[in-house]
Amino acid sequence: MSALVWKELRENIVWAVLLMLALAGAEIYALHYVEYGGSLDLNFFDGVTLCKSTFLMVTTFGSALAGLALGLLQVLPELKRDRWAALLHRPLPRGQIFWGKALAGLLLYFIAAGLPFLFSVWHVATPGNINAPFVPAMIRPGLADVISGVAFYFAGLAVALQGGGILWRALPFLAAFHSAFTAHYEDLFRVAVEGSAAMALTLCVAGWGAIHARDTLRGRPWLGWMAFLIVAFYGACSFGDLVYLAGELTGRKGTSTYSYWQVLDNGRPVRFDYINGILVSATDPDGKPFTEPKYHLDRVRSYTLGMNQATSYVGNPHGWHYRWQTEYYRESNNYINPLQSYSHPRLEQWFHINGDSHYVGVLPIEKKVFAQLGAKGFAPAEAAVPALSDKTKIGESGNGVLFVADRETLRYVRLSKREITPLPLPAPGPIHGMSRFWARVPSGNVGFKGVALGAMMAAYDDKGQLAATLPYQYDVDRWGQLSVGVLPSLDRFVLQYAPSIWIDGKTRKTMPQYVDLVDSKGKVLQSYTCLPTPREVYSTTWGSFIAKRLNSPAFFFGEMLYQCVGAALGSSRLREKWEENWGENTKNTDERARMIGLVALVLAGVTFFWARRTQVPSRLVLAWTAAVLVLGLAGFVMFWLAGARPRTVPCVACRRLRRIDHDQCSQCGAGWPVHAADDTEIIDHSIVRVPAPFA
Amino acid sequence: MNTAPVIEIDHLTKFYGTREIVRDLCLTVPAGSIYGFLGRNGMGKTTTIRILLGLEEPTRGRTRVLGEDSTRLNPETRARIGYLPEGHHVYGWMTVRECGKFQASFFPKWNQDVFEAVITHFRLEPKMKAGHLSRGQRAGLCLALTLAPEPELLVLDDPALGLDPVARRSLLQSMLYVTRQPHRTILFSSHLLSDVERVADRIVVLDGGGLRADCTVETFRQRLRHYVLKFRDTPPAAPVLPGLLESFRTDRELLMTLANVTPETEALLAALQPESMEPVEMTLEDAFVSYVGERGEKTFFTHQLNGHK
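Residue numbers (the numbering used here), protein chains in the order written: chain A, 41 to 735; chain B, 8 to 316.
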């Protein structure tokens, strides 16, 4: 087999090297590409270093293309009938021929896609190249793409090895596409990698099976055809992805409506109603439109307060844990957060490193780390920095100012001066959260920091001075989503009370909100009750609508069962998902469940009759019908493409269809017509003369 | 001497889609014989060979090679079968020596002396790039690669395909010189009888997917007759005769090619009352072309061209 590996390497190394150069060039370009950027690469709108969306676009498509191309190039040129026959006739088990190709191909793929990625990692990790610190965990998205490319490599091999029609051949590619699509939208890195690796392994086994018998499943080892059926299933699932994507690209969106409360710069609440993203009304708590010209519909949004939510619940009386951060492994803010993300030139750029929570300062011109900030204050670049506690809350106030809050203490940090100043709290802790809010004044924005304590909201200005204390006026156990703002006069503050996040969505939607206008001492000047807003209606494309209803019953009901059991066993993540489906969206989910069941039932019926008509053996008719019932459209596509329906031709005797691989017609029992002799045949079965040994 | 069958084909039928390529073929090839496998293009020769070697599945029927079912040939049996597919594929980036080394790694019984003898015979240098060889040289290299493992059964699928007549003749002669070994069975396909007439013990002719001839070359030559019947006037249309392959009618002549002629057939010809009836000697090539060519009557009348009656 080593000879085969050597031959494959020699034959395809040129392609691998060309792909490597192309990918390496594209990745380095993407790392340095700055959208709307200035010369200092200080714009992080696109993400940071190895998680930049431009970079990940290159790794996603580049790895997939490199894998697919290598898989196809290893087999297609050799598929000409005589070449392939010469290869297969070698005295090796066919499996070994496949493994010879696969081993060499994996090595070539590593050269083509793995090396450029490693080079990019090295480039980012080497000081002086990139304006951001290197965070090892940020290799995850790119690594997931490279692993996903392995699935495409085996898909390429399997596509080339499969005989038959175009859709039958395309199934492995579609399966890899579906796997990559799913991995791309998966939140957790581990799950994405496991999914891609499992698909790569399945495609590998399916390819190994295909080398034994290209056109049909018959003749493949049982493991090979099992793997192929899985591949066919996922390939068929990708039709849903394609419908979804087609809908996204071409489809008209349905109507979406949503409403929310904000506060105007005069301290009065305003309800904004949107249809399809367009503001259609702005009304006060009594439901009346505003008469002042500046609050006219086309400009009212310019006169709202710069408010932010300081906390989503006060305390934790119900043992409820809120996942405040989306754990989407492809987003850079999961690993690192730049303090400022605009393009203005600045002398220092600070980043918060999420993993072992601390800050890192980078010099934009030298592109080197120059200082760090951890639990014990500032430290030089090379020092080991103890992480801030995971209970530490950090509020960034722009201009290199941080408010760092532990449970009971608040510190004011000026990064540029390397100063840390403790700030007195107006009331005992614990600190539940912080938010930045600001007022628009003619000279610019004036920023404040709201610190949510147990009984009041404390407001500090950007210099760390206590500007206001705002005691709570409502039951913050139930109305614990607290937002704070300030009027342009800077002496009036606004506290907005929304229902706590731990309350279930259904109940939350029936609860009003409250808005208090208060002075800096906390005296309530005006109080407003804001009625609950109607439920949001999200638009979907026709593609999304159809794709959701063509889902496999096994997937849909299996997922529901998984969420239900997980929620019952205490998983907050699964409980959230369960509530998403069966809380506010019960009607929608119920309708989907019925439609999925109905589609599966109809398709199972079609399968049953079609299979019988094409003389599929009775046992298989039942098996395929059951498979379609369980797998829905994907099962039907599998039956259509991979069902290995027997070929039939009209019977000469009874004119009905008969199987070409059976000696007798199953309808009338007739054999095949004997080739009529026409007296020109020359058949002479006399003893064969065996030649004498050659001298 | 062992004359046990090396190849057994039992009611083999192969469909591509719903098109029947090989129909109910039965054939036995004993050990030590050289079989010419003949037929026009698309008549199922290559398909049959591919099924024999387990490269394709039969639709119905079964085939055995060296006593083993073709669909389950194990690597040891494959090592005993030399297969030279049509097209003479070699990896163009390898040198002649590398080709040999690469091939040798798969065969436990690789005979380097045979390899070197054959490439010397075809005047190939070990350092020559396979991609730079002429078609004839490439065919020689492929032959060396096929023979060096010293196979018991040699299956050659149209080895002279694509070569000019000189190269074809040269290759076939040299090939026969180097391939003929005691106890080696050879199945040699071609669409030209002239390729195999000098070497084959027996020929098998496939036509329309079915077996039409399985005999020695001599028998084949003897069983085909060509008659020229001369008439005083326009000859009558050729009658329906048993074994009639083709007829050609001109102003005064009726030319007929027949297979398996019996005295009864000749009597039927005489009943047409020609002025004269002469059996004409046919070359083997002509006989073969008539045998696998289009059936039926063809005419050519000069009086129709000139407008005369």
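The beta carbon of each residue, even a glycine, is placed where N, CA and C say it ideally should be.
Rounded to whole angstroms, what is the Cα-Cα separation between residue i and residue j?
| i | j | result |
| --- | --- | --- |
| D531(A) | A507(A) | 9 Å |
| R180(A) | Y369(A) | 7 Å |
| L197(A) | A177(A) | 32 Å |
| F217(A) | R615(A) | 29 Å |
| R30(B) | G205(A) | 25 Å |
| S798(A) | A210(A) | The question about residue 798(A) has no answer, for chain A in this structure spans 41 to 735. |
| R26(B) | D227(A) | 52 Å |
| R695(A) | D719(A) | 29 Å |
| Y362(A) | Y353(A) | Because Y362(A) carries a pLDDT of 48, less than 50, the predicted location of this residue cannot be relied on, and no value is offered for it. |
| E234(A) | L241(A) | 10 Å |
| L183(A) | H392(A) | 23 Å |
| G484(A) | L379(A) | 20 Å |
| F150(A) | M60(A) | 9 Å |
| G736(A) | G623(A) | The structure shown does not extend to residue 736(A), since chain A spans only 41 to 735, so no value can be given for it. |
Once DSSP output is grouped into helix, strand and coil, what is the label at residue i?
| i | result |
| --- | --- |
| R256(B) | strand |
| Y284(A) | helix |
| A207(B) | coil |
| I405(A) | coil |
| Q114(A) | helix |
| A508(A) | strand |
| Q704(A) | coil |
| G435(A) | strand |
| K561(A) | coil |
| L59(B) | helix |
| E27(B) | strand |
| Y568(A) | strand |
| L49(A) | helix |
| W301(A) | strand |
| V235(B) | strand |
| Y362(A) | Because Y362(A) sits at a pLDDT of 48, beneath the cut-off of 50, its placement in the model cannot be relied upon, and the following sentence gives the value as read from the coordinates. If DSSP states are grouped into helix, strand and coil, Y362(A) belongs with coil. |
| N374(A) | helix |
| A735(A) | Residue confidence for A735(A) is low, a pLDDT of 31 falling below 50, so the modelled location carries little weight; the figure read from the coordinates is stated next. DSSP places A735(A) in coil when its eight states are reduced to three. |
| V354(A) | coil |
| F22(B) | strand |
Cα-Cα, which of the options is closest to residue i?
| i | options | result |
| --- | --- | --- |
| G247(A) | S342(A), Y399(A), A215(A) and R230(A) | A215(A) |
| L200(B) | R71(B), V72(B), F295(B) and D17(B) | F295(B) |
| E63(B) | D240(B), G143(B) and F22(B) | F22(B) |
| V206(B) | S197(B), S196(B), L183(B) and R228(B) | L183(B) |
| K305(B) | A244(B), G217(B), L59(B) and F113(B) | A244(B) |
| T290(B) | L279(B), K237(B), L251(B) and R228(B) | R228(B) |
| R123(A) | G89(B), H95(B), R87(B) and I88(B) | H95(B) |
| L403(A) | L155(A), W390(A) and H472(A) | W390(A) |
| R685(A) | L697(A), Y602(A) and V692(A) | L697(A) |
| T547(A) | T331(A), L110(A), E619(A) and G645(A) | E619(A) |
| F477(A) | G504(A), L96(A), G435(A) and N348(A) | N348(A) |
| P156(A) | L96(A), I68(A) and G111(A) | I68(A) |
| V310(A) | A322(A), V491(A), G317(A) and N316(A) | A322(A) |
| S297(B) | R230(B), P172(B), F195(B) and M135(B) | R230(B) |
Using DSSP bridges, identify the partner residues of residue i.
| i | result |
| --- | --- |
| C222(B) | I210(B) |
| E15(B) | T35(B) and R71(B) |
| Q136(A) | DSSP, once it has assigned bridges, lists no residue as partnering Q136(A). |
| E285(B) | V235(B) |
| H336(A) | H336(A) is not bridged to any residue. |
| M263(B) | Y234(B) and S254(B) |
| T461(A) | Y452(A) |
| R653(A) | Answer is none; R653(A) lacks a bridge partner. |
Any heavy atom of the ligand ATP closer than 7 Å to the CB of residue i?
| i | result |
| --- | --- |
| V481(A) | For the structure depicted, the ligand ATP is absent and the ligand set is empty, with no information on it obtainable. |
Could you name the residues of the region 629-658 of chain A whose beta carbon sits closer than 8 Å to any beta carbon of chain B, in the order they occur along the chain? For the region 629-658 of chain A, there are no residues whose beta carbon sits under 8 Å from a beta carbon of chain B.
Using a Cβ-Cβ cut-off of less than 7 Å, give me the residues of the region 105-134 of chain B that come near chain A, in sequence order. Within the region 105-134 of chain B, the qualifying residues are F109, S112, F113 and F114.
Using a Cβ-Cβ cut-off of less than 9 Å, list which residues of the region 247-268 of chain A approach chain B; keep chain order. Along the region 247-268 of chain A, the positions whose C-beta sits under 9 Å from a C-beta of chain B are A253, D255, T256, R258 and G259, read in chain order.
Members of the region 680-710 of chain A that neighbour chain B once the beta carbon cut-off is set at 7 Å: Residues of the region 680-710 of chain A with a C-beta less than 7 Å from any C-beta of chain B: R687, V689, I700, D701 and D703, listed in chain order.
Quick one, which residues of the region 123-139 of chain A are near chain B if we go by CB-CB under 7 Å, in chain order? For the region 123-139 of chain A, the set of residues with a beta-carbon nearer than 7 Å to any beta-carbon of chain B comprises R123, A125, A126, L128, H129, R130, P131, L132 and P133, in chain order.
By the 7 Å beta-carbon criterion, what residues does the region 230-249 of chain B contribute toward chain A? Going along the region 230-249 of chain B in chain order, one finds R230 and P249 with a Cβ nearer than 7 Å to chain A.
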